[in-house]
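Asker: If you're matching them up, the sequences are chains A and B in order. Here the first sequence is numbered in numbering that gives the first Met the number 0, starting from 0 and rising by one per residue. Here the second sequence is numbered in numbering that gives the first Met the number 0, starting from 0 and rising by one per residue.
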Amino acid sequence: MNNPYLPVKTEIIDIVQETFSVELDVKTFKLRAADGAPMIFQPGQFVEFSVPGIGECPFGFASSPLEKGYFEITVKRTGKVTDMIHSLRVGDFVWVRGPFGNTFPLEAMEGSDLFFVAGGLGLAPLRPFILHALDGQNRAKYGKIQMLLAARTSMDHIFAYEYGEWRGAKDTAIDLAIDNPEPGWNEKVGFPHNLVKGMELDFSNMHAILCGPPIMIKAVQSSLTEMGLSIERLYTTLEMRMTCGVGKCGKCNIGKQYVCIDGPVFCMAELAKMPAEY
Amino acid sequence: MNNSFVSKETLNKILKELAAAEDVLLYAPVLNGKVLDFAEITDAEKIAISDDISYKSPKEAFMPQAENLMTFSEGGVLESAYDKKTVVFGAKPCDAEALRVLHAVLMTGKFQDPFFERRFENSVLIAVGCASEKPGCFCTERGFDKEFSDFSDIMLRRDEGGTGYTVTHLSGKGRELLSEFNETKGIEAAKRTAKAQGTGMKKLELDKSIEDRELFDIIDWDKATEICQGCGMCTFICPSCHCFDFKDVSTFSETKRYRCWDSCMYPQFTLHASGHNPRASVKERFRQRVLHKYLYINKIFGYTACTGCGRCIRSCPAGMNIKKIVESIMEVLP
Numbered sequence: 000m001n002n003p004y005l006p007v008k009t010e011i012i013d014i015v016q017e018t019f020s021v022e023l024d025v026k027t028f029k030l031r032a033a034d035g036a037p038m039i040f041q042p043g044q045f046v047e048f049s050v051p052g053i054g055e056c057p058f059g060f061a062s063s064p065l066e067k068g069y070f071e072i073t074v075k076r077t078g079k080v081t082d083m084i085h086s087l088r089v090g091d092f093v094w095v096r097g098p099f100g101n102t103f104p105l106e107a108m109e110g111s112d113l114f115f116v117a118g119g120l121g122l123a124p125l126r127p128f129i130l131h132a133l134d135g136q137n138r139a140k141y142g143k144i145q146m147l148l149a150a151r152t153s154m155d156h157i158f159a160y161e162y163g164e165w166r167g168a169k170d171t172a173i174d175l176a177i178d179n180p181e182p183g184w185n186e187k188v189g190f191p192h193n194l195v196k197g198m199e200l201d202f203s204n205m206h207a208i209l210c211g212p213p214i215m216i217k218a219v220q221s222s223l224t225e226m227g228l229s230i231e232r233l234y235t236t237l238e239m240r241m242t243c244g245v246g247k248c249g250k251c252n253i254g255k256q257y258v259c260i261d262g263p264v265f266c267m268a269e270l271a272k273m274p275a276e277y
Numbered sequence: 000m001n002n003s004f005v006s007k008e009t010l011n012k013i014l015k016e017l018a019a020a021e022d023v024l025l026y027a028p029v030l031n032g033k034v035l036d037f038a039e040i041t042d043a044e045k046i047a048i049s050d051d052i053s054y055k056s057p058k059e060a061f062m063p064q065a066e067n068l069m070t071f072s073e074g075g076v077l078e079s080a081y082d083k084k085t086v087v088f089g090a091k092p093c094d095a096e097a098l099r100v101l102h103a104v105l106m107t108g109k110f111q112d113p114f115f116e117r118r119f120e121n122s123v124l125i126a127v128g129c130a131s132e133k134p135g136c137f138c139t140e141r142g143f144d145k146e147f148s149d150f151s152d153i154m155l156r157r158d159e160g161g162t163g164y165t166v167t168h169l170s171g172k173g174r175e176l177l178s179e180f181n182e183t184k185g186i187e188a189a190k191r192t193a194k195a196q197g198t199g200m201k202k203l204e205l206d207k208s209i210e211d212r213e214l215f216d217i218i219d220w221d222k223a224t225e226i227c228q229g230c231g232m233c234t235f236i237c238p239s240c241h242c243f244d245f246k247d248v249s250t251f252s253e254t255k256r257y258r259c260w261d262s263c264m265y266p267q268f269t270l271h272a273s274g275h276n277p278r279a280s281v282k283e284r285f286r287q288r289v290l291h292k293y294l295y296i297n298k299i300f301g302y303t304a305c306t307g308c309g310r311c312i313r314s315c316p317a318g319m320n321i322k323k324i325v326e327s328i329m330e331v332l333p
């Protein structure tokens with residue numbers, strides 16, 4: 000029997016320091032299996048990443064699913080395991096198993112406009128979807144692509160080195176936002192749930208995909224639904240403690256769902272029916 | 000003598016041989032001080048045959064409290080080996096029914112658990128029916144037969160004269176084990192007589208059609224859980240609780256990864272790295288314990304994860320009673 004708990008030896012082939020401050024220290028790790036086998040995944044899925052002796056944690060994929068030579072995870076330094084992960088160097092080996100979880104309903108969203116709203120690190124699990132949609136072979140499958148990418152300060156946007164390229168894509172608009180005014184900042188200032196109210200959004204054929212702190216997701220959801228977007232067309236991805244990733248350990252259980260199997264991607268209409276234990 | 004009968008002497012001889020066999024792990028009830036416990040034994044004399052229910056369940060024969068899953072070293076990762084045959088003697092029908100729940104959770108669905116599978120496949124569960132229900136027991140309210148479970152491999156019923164046991168159910172694995180002994184070769188399960196249980200009793204269960212959220216405010220959960228200390232004892236002695244965590248233990252040259260029992264009663268169970276906790280209070284955690292057992296697992300895997308063994312009720316230091324809570328929900332449901 001295939002053992003879903005057995006991880007694969009994986010090499011760190013590059014590390015990008017995304018943001019660096021006492022409050023927010025984020026790195027992106029580029030990874031490849033030691034035997035070179037590609038990681039085949041879809042946007043929305045996650046891996047269980049471990050450093051033996053320290054522990055194992057789930058991380059959403061942060062890279063393009065079209066890239067077969069490597070995959071990336073983006074890690075905020077926040078606890079025992081992530082401290083250790085942040086101390087790793089290029090050439091170090093770690094252990095990875097996956098992919099696990101469901102995916103964003105890419106095909107169901109074809110033909111519609113996409114609106115991505117990300118807060119802070121919430122952009123990481125959306126990036127595979129964004130890169131999938133912006134890719135030349137897929138771009139025509141979607142209508143207009145809009146993004147509102149919020150961060151606490153101007154130093155806290157992750158993947159900022161890519162925004163120029165994203166903005167250059169056909170029929171794509173990106174709004175950047177920070178919480179408070181800063182000298183030299185010419186983009187938006189404020190919280191996403193207020194900012195969306197001032198944006199030109201056409202809900203006639205749109206899917207919105209949200210990810211960020213739970214409070215941001217809830218606030219943006221209520222703004223967008225007030226403005227007229229159906230919750231059937233709103234999606235998010237949940238963060239939960241997940242030990243096994245395969246629906247056995249019980250930690251990510253919410254009502255009749257296990258986030259690791261039935262999620263982490265949920266339609267807001269589905270979430271509205273679930274107990275709010277996330 | 001009919002061909003379903005096993006005399007006391009024959010059973011003792013079989014247990015003695017199993018206990019002594021190098022390639023067999025025998026789990027059986029033993030007296031640990033005054034406490035009837037379940038343990039791995041090598042001396043059959045230690046087996047405490049009793050109608051009482053053991054303090055711990057035999058769950059750990061199938062899912063040990065800490066189980067080494069794999070070892071990391073310079074050479075890579077090595078899955079731990081396990082090829083011993085396990086015989087569990089003296090489980091109760093409620094324990095066998097709880098194993099049915101563990102099997103459903105761990106072996107069905109999108110993924111299967113290979114560590115549970117190899118222990119389960121290499122095991123023979125010998126269950127003995129209960130002559131009486133003990134204080135706190137409620138298997139009959141849960142719809143089970145205190146004398147019978149066909150999720151056992153060999154189901155025994157004490158004969159009233161006290162001279163031996165009648166075999167009332169035999170699985171392939173059970174038949175194979177008995178065929179290894181001359182005295183029990185060719186033994187067959189007796190025809191099962193009608194299940195002895197009270198009539199007109201309302202089965203203690205929750206209807207699967209209930210929406211999960213409906214039960215969040217249907218009773219006063221604050222009041223229902225105010226005495227709970229959150230110690231988690233109930234989850235550890237429960238034969239159908241199965242939630243777990245991974246723990247790594249390192250020495251100089253290697254790291255062993257263990258699967259350890261965990262408990263939904265502990266705040267760390269769901270605590271996010273960010274500090275956010277989806278089930279931050281004892282109320283939320285005990286509600287999760289009740290609803291995971293009585294509603295969610297039934298919806299997902301088809302069984303209620305409570306077999307009425309009563310261990311959690313008898314052992315709770317604060318006097319929590321899951322049966323009364325489920326009854327109170329049933330009372331107010333439309």
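All C-beta atoms in this analysis are idealised placements derived from N, C-alpha and C, irrespective of residue type, glycine included. In this text the structure is predicted, and so the values were computed from the model without any measurement.
Return the residues of the stretch 243 to 267 of chain A that lie within a Cβ-Cβ distance of less than 7 Å from chain B, sorted by chain order.
Answerer: Residues Val245, Gly246, Lys247, Cys248, Gly249, Lys250, Asn252, Gly254, Lys255 and Ile260.
Asker: Looking at His241 (chain B): is its Cβ nearer than 8 Å to the Cβ of Val104 (chain B)?
Answerer: What you label residue 241 (chain B) is simply residue 242 of the second sequence in a count that begins at 1. What you label residue 104 (chain B) is simply residue 105 of the second sequence in a count that begins at 1. Contact flag set, yes.
Asker: Report the CB separation of Asp244 (chain B) from Cys259 (chain B) in whole angstroms; it is logged as a contact under 8 Å.
Answerer: Here the question's residue 244 (chain B) lines up with position 245 in the second sequence. Here the question's residue 259 (chain B) lines up with position 260 in the second sequence. The pair is a contact, with the Cβ atoms about 5 Å apart (cut-off 8 Å).
Asker: Quick check: what's the CA-CA separation for Leu332 (chain B) versus Leu205 (chain B)?
Answerer: Within the second sequence, numbered from 1, the residue matching residue 332 (chain B) stands at position 333. Within the second sequence, numbered from 1, the residue matching residue 205 (chain B) stands at position 206. Cα to Cα, Leu332 (chain B) sits roughly 9 Å from Leu205 (chain B).
Asker: If you draw a straight line from the C-alpha of Gly142 (chain A) to the C-alpha of Met205 (chain A), how long is it?
Answerer: Against the first sequence, residue 142 (chain A) aligns to sequence position 143. Against the first sequence, residue 205 (chain A) aligns to sequence position 206. Between Gly142 (chain A) and Met205 (chain A), the alpha-carbon positions lie close to 9 Å from each other.
Asker: In chain order, what residues of the same chain have a beta carbon less than 6 Å from the beta carbon of Ile260 (chain A), not counting five sequence neighbours either side?
Answerer: Working through the first sequence from its first residue, we reach residue 260 (chain A) at position 261. Cβ within range, chain order: Gly246.
Asker: So, with DSSP's three-state summary, where would you put Lys26 (chain A)?
Answerer: Along the first sequence, one-based indexing puts residue 26 (chain A) at 27. Lys26 (chain A): strand per DSSP, three-state reduction.
Asker: Can you pull the chain D neighbours of Leu101 (chain B), defined as C-beta to C-beta under 7 Å?
Answerer: Included in the structure are the protein chains A and B, with no chain D among them.
Asker: Residues of chain A with CB closer than 7 Å to the CB of Gly75 (chain B), please, in chain order.
Answerer: For the purposes of this step, residue 75 (chain B) is identified with residue 76 of the second sequence, where counting begins at 1. Here the neighbours are Lys8.
Asker: For Met0 (chain B), which residues from the same chain have a beta carbon less than 8 Å from its beta carbon, with the 5 sequence-adjacent residues on both sides left out?
Answerer: On the second sequence, position 1 is the one that residue 0 (chain B) refers to. Its pLDDT being 47, under 50, Met0 (chain B) is placed unreliably in this model, and the coordinates cannot settle the point.
Asker: I'd like to know if the stretch 215 to 233 of chain B and the stretch 278 to 298 of chain B are in contact, where contact means that at least 3 CB-CB pairs between them fall below 8 Å.
Answerer: Contact between the stretch 215 to 233 of chain B and the stretch 278 to 298 of chain B is present: 3 or more CB-CB pairs across the two stretches fall below 8 Å.
Asker: Taking the alpha-carbon positions, what's the Lys169 (chain A) to Gly135 (chain A) distance?
Answerer: For this step, residue 169 (chain A) is matched to residue 170 along the first sequence. For this step, residue 135 (chain A) is matched to residue 136 along the first sequence. Near 10 Å, if we compare the C-alpha coordinates of Gly135 (chain A) and Lys169 (chain A).
Asker: Does the Cβ-Cβ distance between Val7 (chain A) and Phe48 (chain A) come in under 8 Å?
Answerer: As a first step, residue 7 (chain A) is located in the first sequence; it is residue number 8 there, counting from the start. As a first step, residue 48 (chain A) is located in the first sequence; it is residue number 49 there, counting from the start. Phe48 (chain A) sits away from Val7 (chain A), with the two beta carbons spaced by 8 Å or more.
Asker: For chain B, is any of its Cβ atoms less than 8 Å away from the one on Lys280 (chain A)?
Answerer: This structure does not reach residue 280 (chain A), given that chain A is present from 0 up to 277, and the question cannot be answered.
Asker: Please classify Ile321 (chain B) as buried or exposed, where buried requires at least 16 other C-beta atoms within 10 Å of its C-beta.
Answerer: One-based indexing of the second sequence puts residue 321 (chain B) at position 322. Burial of Ile321 (chain B) is indicated by the presence of at least 16 other C-beta atoms within 10 angstroms of its C-beta.
Asker: Compare the beta carbon distance of Glu222 (chain A) and Lys187 (chain A) with 8 Å and say whether it is the shorter of the two.
Answerer: The sequence position of residue 222 (chain A) within the first sequence is 223, counting from 1. The sequence position of residue 187 (chain A) within the first sequence is 188, counting from 1. The question names Glu, but residue 222 (chain A) in the sequence shown is Ser. The answer is no: Cβ separation not under 8 Å.
Asker: Taking only runs of the alpha helix (DSSP H) that begin and end inside the stretch 164 to 249 of chain B, which ones reach a length of at least 4 residues, in chain order?
Answerer: 171 to 178, 220 to 223 and 232 to 236
Asker: Along the stretch 168 to 187 of chain B, where does the CB come closer than 8 Å to a CB of chain A? Name the residues.
Answerer: none
Asker: Would you tell me roughly how many angstroms separate the C-alpha atoms of Arg240 (chain A) and Ala132 (chain A), rounded to the nearest one?
Answerer: For this step, residue 240 (chain A) is matched to residue 241 along the first sequence. For this step, residue 132 (chain A) is matched to residue 133 along the first sequence. Near 29 Å, if we compare the C-alpha coordinates of Ala132 (chain A) and Arg240 (chain A).
Asker: Can you have a look at Val34 (chain B) and say buried or exposed, based on whether 16 or more other CB atoms are within 10 angstroms of its CB?
Answerer: Here residue 34 (chain B) refers to the residue found at position 35 of the second sequence. Exposed is the call here.
Asker: Comparing the C-beta of Glu78 (chain B) with each C-beta of chain A, is any distance below 8 Å?
Answerer: Along the second sequence, read from residue 1 onward, the residue named residue 78 (chain B) stands at position 79. Output row for Glu78 (chain B): interface = yes.
Asker: For Lys55 (chain B), which residues of its own chain have a beta-carbon under 7 Å away from its beta-carbon, when the five flanking residues on both sides are left out?
Answerer: Locating residue 55 (chain B) in the second sequence gives position 56, counting from the first residue. Excluding residues within five positions, the ones whose Cβ falls inside 7 Å are Asp36, Phe37 and Ile236.
Asker: Just mark Glu254 (chain B) as buried or exposed, buried being the case when its beta carbon has 16 or more other beta carbons within 10 Å.
Answerer: The residue given as residue 254 (chain B) occupies position 255 in the second sequence. Looking at the sequence shown, residue 254 (chain B) is not Glu but Thr. Buried is the call here.
Asker: Counting only beta-carbon separations shorter than 8 Å, does Ile299 (chain B) have a partner in chain A?
Answerer: To locate residue 299 (chain B), count along the second sequence from 1; it is residue 300. By this cut-off, Ile299 (chain B) is an interface position.
Asker: Could you name the residues that DSSP lists as bridge partners for Lys91 (chain B)?
Answerer: Taking the second sequence and counting its residues from 1, the one referred to as residue 91 (chain B) is at position 92. In DSSP, Lys91 (chain B) forms no bridge with anything.
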